[in-house]
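Numbering (the working numbering), first residue to last: 14 to 468.
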Ligand SMILES: Cc1ncc(COP(=O)(O)O)c(C=O)c1O
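Here it is as structure tokens:
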């Protein structure tokens with residue numbers, strides 16, 4: 014392989030200093046940032062410039078489902094880069110043809126046609142425009158406590174503190190309440206609740222003009238960044254019925270939950286429902302190369318046989334990203350990783366429930382596959398969250414932050430976030446011993462949160 018032009022090596026302090034001077038970090042007030050300098054990664058671990066090893070217990074931002082630096086994907090990227098790094102989107106290429114076909118095979122039902130972009134936000138922008146163009150209607154129903162990306166359209170679909178900064182955003186997006194059984198917004202208990210959370214969606218659709226005006230519904234199949242919220246059984250089935258009744262597109266955001274994360278190829282498969290649109294990113298290429306996908310059922314794609322698909326990106330179908338996607342999906346299949354996620358997820362859940370017995374700060378444990386959340390509370394009886402998220406864009410020294418900082422010091426990384434839920438989402442290649450190690454670290458670190466529990 015040709016050598017890189019030689020560069021004098023940089024030490025960790027210089028890297029940090031240059032970055033602090035020249036890089037604007039996402040989602041942060043920049044003052045006082047002191048980023049860890051990552052040097053390399055392999056398998057389930059990454060390493061800083063001093064050589065210290067970290068077990069990656071949230072697959073970075075829940076994208077490295079395959080673990081780091083898998084040689085098959087690295088080789089596929091190198092080979093494709095040497096042969097044809099990219100070609101403009103109107104051209105057909107072998108990797109694009111192959112990846113689109115592979116996706117049609119792993120997605121449910123007749124979700125057979127894909128539009129390629131480069132991120133989860135773009136995948137959702139595509140879905141938003143797709144719903145409007147395919148139905149000729151304007152309104153989209155989305156949910157509070159959701160995250161779909163940081164571009165204007167994706168933020169309009171999302172609803173947490175992060176979209177306040179870009180309001181007013183895209184009009185005609187209406188939000189509904191979420192199926193959050195631990196804190197049911199309807200004050201009900203499943204199954205006696207009779208799925209008020211889904212019925213309320215129908216009320217909103219009707220008030221917003223029903224079949225005449227509402228183009229679609231979009232939500233994460235299991236809420237990710239806002240706290241691993243698993244809907245009750247029956248919810249997605251009822252949403253499917255509502256979408257059919259009012260001729261709306263049912264769109265699911267599988268950016269985090271796709272590609273084995275929940276123990277199935279896609280989260281929606283837990284409820285045996287075929288959506289009209291699936292958006293993907295992250296696990297589709299295990300993050301090795303940026304890639305987003307908006308996939309749709311045949312009847313939706315059919316609309317664009319004669320009607321123009323008025324959407325596009327310079328890098329739609331980027332050949333290197335396509336090659337990464339193919340190699341990643343083939344690796345999931347060859348190594349049985351989707352099944353493995355279900356099995357290891359059961360083990361992770363077992364250990365998480367044992368921690369809940371020991372630690373009064375853990376109010377709730379929930380999840381599917383290797384996608385498990387520990388919800389931290391001040392008081393188990395009142396379920397008051399242990400902290401209230403961001404204050405003026407500055408992360409306060411919350412109990413959760415203290416737990417994660419100690420875990421990092423002990424060599425286990427979990428991504429921070431604003432809600433009182435610790436997200437456990439290791440690569441699908443995680444072993445039982447590694448789960449034991451990480452949960453042992455959390456067992457010690459959670460004492461810091463226990464100290465803030467009201468007696
Ligand atoms: C469910 C979901 N959708 C969309 C996105 C946005 O993806 P990206 O950051 O690649 O734009 C994210 C990112 O975390 C996500 O979790």
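The beta carbon of each residue, even a glycine, is placed where N, CA and C say it ideally should be.
Express the C-alpha separation of residue j and residue i in angstroms, rounding to a whole number.
| i | j | result |
| --- | --- | --- |
| residue 373 | residue 392 | 8 Å |
| residue 444 | residue 451 | 11 Å |
| residue 204 | residue 242 | 16 Å |
| residue 201 | residue 279 | 28 Å |
| residue 81 | residue 441 | 11 Å |
| residue 24 | residue 62 | 7 Å |
| residue 460 | residue 178 | 35 Å |
| residue 150 | residue 210 | 24 Å |
| residue 28 | residue 22 | 10 Å |
| residue 14 | residue 88 | For residue 14, the predicted model reports a pLDDT of 47, less than 50, meaning its position is unreliable and no value from the coordinates is stated. |
| residue 137 | residue 26 | 38 Å |
| residue 247 | residue 208 | 7 Å |
| residue 245 | residue 287 | 17 Å |
| residue 448 | residue 423 | 14 Å |
Residue i: buried (16+ other C-beta within 10 angstroms of its C-beta) or exposed?
| i | result |
| --- | --- |
| residue 164 | buried |
| residue 285 | exposed |
| residue 93 | buried |
| residue 10 | Shown here, the chain extends from 14 to 468; a query on residue 10 therefore has no answer. |
| residue 469 | This structure leaves residue 469 out entirely; the chain is present only between 14 and 468. |
| residue 104 | exposed |
| residue 84 | exposed |
| residue 45 | exposed |
| residue 220 | exposed |
| residue 457 | exposed |
| residue 19 | exposed |
| residue 396 | exposed |
| residue 377 | buried |
| residue 394 | exposed |
| residue 327 | exposed |
List the DSSP bridge partners of residue i.
| i | result |
| --- | --- |
| residue 81 | 56 |
| residue 188 | 155 |
| residue 69 | 426 |
| residue 112 | According to DSSP, residue 112 bridges with nothing at all. |
| residue 128 | 307 |
| residue 292 | 266 and 307 |
| residue 388 | 377 and 434 |
| residue 61 | 51 |
| residue 313 | Bridge partners of residue 313: none, in fact. |
Count Cβ pairs between the segment 334–349 and the segment 284–303 that sit closer than 8 Å; are there 3 or more? Counting Cβ pairs under 8 Å, three or more are found: they touch.
State whether the segment 60–69 contacts the segment 187–198, with contact taken as three or more CB pairs (one from each stretch) at a distance under 8 Å. Because the criterion of three Cβ pairs below 8 Å is not met, the segment 60–69 and the segment 187–198 do not touch.
For the segment 111–121 against the segment 360–370, do three or more pairs of beta-carbon atoms, one drawn from each stretch, fall closer than 8 Å, so that the two count as touching? Note that the segment 111–121 does not touch the segment 360–370; fewer than 3 beta-carbon pairs, one per stretch, sit closer than 8 Å.
Can we say the segment 163–179 touches the segment 211–218, given the rule of at least three CB pairs closer than 8 Å? No contact exists between the segment 163–179 and the segment 211–218.
For the structure I just gave you, are there three or more beta carbon pairs, one from the segment 228–246 and one from the segment 259–266, closer than 8 Å? Taking a cut-off of 8 Å on C-beta distances, the segment 228–246 touches the segment 259–266, as three or more cross pairs fall below it.
Just checking, does the segment 414–429 make contact with the segment 306–317 on the three C-beta pairs under 8 Å criterion? Result no; under three Cβ-Cβ pairs closer than 8 Å.
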